[in-house]
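> The structure under discussion is supplied below as structure tokens; questions concerning it will follow.
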Amino acid sequence: QAKYDTWAYTHNFESKLPKVLKAKQVQEDAVARFQQGTLNEHLKEIPKKEHVVPFTSTVFCDAAIGWLIIMDQPIQALTHPSFKKMIDIGAQAMKGVILPTCNGTCDEIMSKFRTQLMNLKKRLNMSFPPPPSLYISFIYYGRGGQ
Numbered sequence: 001q002a003k004y005d006t007w008a009y010t011h012n013f014e015s016k017l018p019k020v021l022k023a024k025q026v027q028e029d030a031v032a033r034f035q036q037g038t039l040n041e042h043l044k045e046i047p048k049k050e051h052v053v054p055f056t057s058t059v060f061c062d063a064a065i066g067w068l069i070i071m072d073q074p075i076q077a078l079t080h081p082s083f084k085k086m087i088d089i090g091a092q093a094m095k096g097v098i099l100p101t102c103n104g105t106c107d108e109i110m111s112k113f114r115t116q117l118m119n120l121k122k123r124l125n126m127s128f129p130p131p132p133s134l135y136i137s138f139i140y141y142g143r144g145g146q
């Protein structure tokens, strides 16, 4: 037995003999009794929330000018009705605004484009006579006219 234990120790071999396993278990139980328990397994890290800057006119003006510069937008972009609409909608948010990812934005644009094409196709498939001016210009220009 002593020879085996010496060999196992020198070769970094963990003995699996029942007697050794039982002694190891008794030792681990004794250590566990004297150690203080921890809550690590029960604790979870709280995800950090993005800090929302409180609104002031100065902060908003600085952010808008910064956006103009970084995005290389014309100064008139700030007075455009669609920009104002976007700001009015965002101003109603109580806890900030979550912007879509680039892929989400691209998907949304493609979806709106497809919808517009489908609506256009429905409108063009309707049977209605073309305006007289279109018919006359087709005859004039379509048959070798000037």
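Numbering (the working numbering) for the sequence shown: 1 to 146. From the three backbone atoms N, C-alpha and C, an ideal C-beta is built for every residue, glycine too. Remember, it's a predicted structure, so these values are computed and weren't measured experimentally.
Taking M118 as part of the alpha helix (DSSP H), name the residues at either end of that continuous run.
Counting along the chain, the alpha helix (DSSP H) containing M118 begins and ends at C102 to N125.
> For chain D, is any of its Cβ atoms less than 8 Å away from the one on K19?
The question asks about chain D, but that chain is absent: this structure has only one protein chain.
> Measuring straight from C-alpha to C-alpha, what distance separates V20 and L43?
35 Å
> Does the separation of the CB atoms of L78 and A93 fall below 8 Å?
no
> Run through DSSP, which three-state label would I139 get?
Confidence at I139 is low in this model, with a pLDDT of 49, below 50, so its placement is unreliable and the value that follows should be read with caution. Three-state DSSP puts I139 in a helix.
> When you compare only the Cα positions, how much space is there between G144 and N119?
Confidence in G144 is poor, its pLDDT being 48 and thus under 50, which makes the residue's placement unreliable; the coordinate value appears in the next sentence. Approximately 34 Å between the Cα atoms of the pair.
> Let me know the secondary structure DSSP gives K19 once reduced to three states.
helix
> Taking C-beta to C-beta, are V52 and G104 nearer than 8 Å?
No. Outside cutoff.
> What residues in its chain sit with their C-beta under 6 Å from that of K22, if we drop five residues either side in the sequence?
none
> Does V97 come out as helix, strand or coil in the three-state DSSP assignment?
coil
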